[in-house]
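Numbering (the numbering used here), first residue to last: 2 to 692.
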């Protein structure tokens, strides 16, 4: 018979923790929250200081009954939910349901599921932190007041099934604002001049800089022609050579936000997938008979970059043994975000000695890829800076100055293990210029002017949107992935080539919120509310005061919207074709992923079709149909014949209209990390795609 009962959130953790603690402990799982606000009603009494009405979640009755039975048979119950606000609230709800004194030392927290960490945490139990609980309650009640008041309004005035959450609405507005920036963007012409210089047998590129040492913009072909006409032959004098040594520091270990961003850049993982796999790595992987199930990474919902001394020491020894003493450097902790939930650690491997190669046999492909990313990022953060030699040469011809730059890695340092990804895919230069002496001559073998146009700001990828939300102080580590998932499920945004675009429905909802509830979609207001929630957590503010301050203004806006908001009718737009099943007119409808074609005779006729985009290429298979852009069930773009199913031509790569000059077969665009390449599907012909 066990003396102690330990309650965790997940059954995956329970067996592992029970094995670490021994026979005196019985470990059971609550399966997350066991109490919450009711789904069928508001559940918040605004007349009684926003008193929440909690009920046992439907389906959790048997779980709660089992926990109550187990609790009666032991001397003490320990509540070991996750180490964040949500986990603290789960522990508090359990304490209420099981009649445990919240002021008793019943709460145990740990940042990693390893034997040493678990045993150490049970030496220091504490009482439930009501400031953390109140912060979570305040967020839950705030979101309930917003969602359960605005959503029914949207159902009545726009369309059933809509919702308006605080963080999700700001995210949709950011995407919509960016789309409008792109639509209103006016390209500006500019030019560059690139020269190929030769020094003996070696060649190197240089770019036009200016005249008489002053930088000059090239806005038109006339500007370019003036520069080219000014040049006196192809001989340039090396006026000056600047050499310097530059140090590049490693990126800090992962936080939730930076992990989601880097997994998107390097692994093409969606935020939801990243968090799901990270949860598996945290809760534990079976490493075989010798070790059993062990958590491979620390807790994955954190905005701290702190690293424990134990982890630093282990990494330092590993680096010295594997790479040499010169590669070792103690990671200097950056100042944690002012919004950090508590003194969590960064996301790191629970042991540096568990290398990705040693975990290959026990992890799935995606688990291994994410673990490798976390392991390498952490190890690199504990290594010495990289040292680069950079050279800039100033090349002069009749007062016209070109500049050539080069760099070379002198000491790889942390770059031996890992280099942080970038949204623009620009890679570190690693090419030195040939030896150039001041006063010497070089020849320009070719001088090319190039016309360019400024580009609009890019649409948000998941990584960019998470980064922006974090920079604006909106949301918290636990909210990023569900927020991105929700705005897509509601049909407010869609993904086009892994970038967010707003749907018409999303635009309508944001316009309504902007008119009647501007604070809900105001980034600064939402960020300030997050700061208020932090002040509750820190014990500086009463949660009721924060909710009351918000609700007074919100209630007035709600009354105004109820009276003044007109019903928005989303009219079906005629598609200009008839239904092939019943002959009625086809119309454009709004769906979860944007527009689609449907019969106007619905519900008598339920015929629907996707809207196909003709790319202007004849089908190479049947020679009769046209190639159209389609989307798979997983929303991946592919190309097929519009005569399907009569013609089954299919290509994941985009066909282009001209044939292969070598064999006359189909040419397609192949996407590569460094750009797009045109390839023949039949022979070895390749060319760089024109941008």
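The beta-carbon is built from N, C-alpha and C at its ideal position, and this holds for glycine as well.
6 Å CB neighbourhood of residue i in its chain, flanking five on each side removed
| i | result |
| --- | --- |
| residue 180 | 503 |
| residue 566 | 158 |
| residue 418 | 377, 380, 381 |
| residue 273 | 482, 486 |
| residue 345 | 303, 305 |
| residue 134 | 89, 90, 93 |
| residue 429 | Here the model assigns residue 429 a pLDDT of 47, short of 50, so the residue's position is not dependable and the matter cannot be decided. |
| residue 615 | 627, 629 |
Among the options, the one whose alpha carbon lies nearest that of residue i
| i | options | result |
| --- | --- | --- |
| residue 246 | 285, 391, 38, 160 | 391 |
| residue 304 | 263, 326, 259 | 259 |
| residue 538 | 131, 91, 27, 55 | 131 |
| residue 141 | 360, 78, 10, 547 | 547 |
| residue 582 | 529, 607, 494 | 607 |
| residue 226 | 451, 474, 507, 265 | 451 |
| residue 528 | 552, 471, 569 | 471 |
| residue 585 | 601, 509, 403, 229 | 601 |
| residue 95 | 153, 31, 300 | 31 |
| residue 545 | 189, 41, 52 | 52 |
| residue 43 | 149, 688, 234, 387 | 149 |
| residue 239 | 207, 262, 151, 265 | 207 |
| residue 407 | 420, 389, 414, 271 | 389 |
| residue 580 | 257, 46, 603 | 603 |
| residue 229 | 264, 605, 211 | 211 |
| residue 441 | 236, 497, 531 | 236 |
| residue 325 | 632, 413, 630 | 413 |
| residue 309 | 271, 349, 609, 363 | 349 |
| residue 214 | 677, 518, 400 | 400 |
| residue 221 | 453, 526, 6 | 453 |
| residue 363 | 289, 311, 420 | 289 |
Cutoff 7 Å; reference residue i; Cβ partners in own chain excluding five residues on either side
| i | result |
| --- | --- |
| residue 484 | 168, 169, 172, 476 |
| residue 147 | 165, 166, 167, 521 |
| residue 681 | 661, 663, 664, 666, 668 |
| residue 174 | 511, 522 |
| residue 281 | 368 |
Beta-carbon proximity check, residue i vs residue j, cutoff 8 Å
| i | j | result |
| --- | --- | --- |
| residue 618 | residue 666 | no |
| residue 351 | residue 17 | no |
| residue 89 | residue 129 | yes |
| residue 205 | residue 405 | yes |
| residue 648 | residue 622 | yes |
| residue 396 | residue 279 | no |
| residue 482 | residue 284 | no |
| residue 307 | residue 347 | yes |
| residue 71 | residue 27 | yes |
| residue 195 | residue 394 | no |
| residue 300 | residue 84 | yes |
| residue 233 | residue 398 | yes |
| residue 587 | residue 574 | no |
| residue 491 | residue 461 | no |
| residue 68 | residue 8 | yes |
| residue 685 | residue 670 | no |
| residue 54 | residue 38 | yes |
| residue 415 | residue 251 | yes |
| residue 387 | residue 249 | yes |
| residue 293 | residue 287 | yes |
| residue 631 | residue 656 | no |
Close Cβ partners of residue i (< 8 Å) along its chain, the five nearest in sequence each way excluded
| i | result |
| --- | --- |
| residue 319 | 353, 354, 380 |
| residue 542 | 533, 536 |
| residue 356 | 376 |
| residue 154 | 559, 562, 563, 566 |
| residue 10 | 30, 31, 32, 33, 82, 83, 88, 91 |
| residue 218 | 191, 224 |
| residue 291 | none |
Test: residue i CB closer than 8 Å to a CB of chain B
| i | result |
| --- | --- |
| residue 161 | Considering every chain present, this structure includes no chain B. It has just one protein chain. |
Review point. So, do the region 451–461 and the region 178–197 have three or more beta carbon pairs nearer to each other than 8 Å?
Key: Three or more pairs of CB atoms, one per stretch, sit closer than 8 Å, so the region 451–461 contacts the region 178–197.
Check your understanding: Quick one: any contact between the region 112–131 and the region 21–35, if contact means 3 or more CB pairs under 8 Å?
Key -> yes
Review point. At a cut of 8 Å, does the region 369–389 reach the region 307–327 through at least three beta carbon pairs?
Key: yes
Point to revise | Any alpha helix (DSSP H) of 4 or more consecutive residues that is wholly inside the region 546–615 | key: none
Check your understanding: So does the region 432–441 actually touch the region 200–214, counting three or more Cβ pairs closer than 8 Å?
Key -> yes
Review point. Considering only residues of the region 60–112, which uninterrupted alpha helix (DSSP H) runs meet the minimum length of 4 residues and lie entirely inside it, listed in chain order?
Key: 62–73, 86–98
**Study point:** Contact between the region 71–86 and the region 103–111 (3+ Cβ pairs under 8 Å)
**Key:** yes
Practice item. Starting from the N-terminal side, write out each stretch of the beta strand (DSSP E) that is 3 residues or longer and does not extend beyond the region 199–246. Key: 203–212
Practice item. Please specify which runs of the beta strand (DSSP E), each continuous and at least 3 residues long, are wholly inside the region 238–294, giving them in chain order. Key: none
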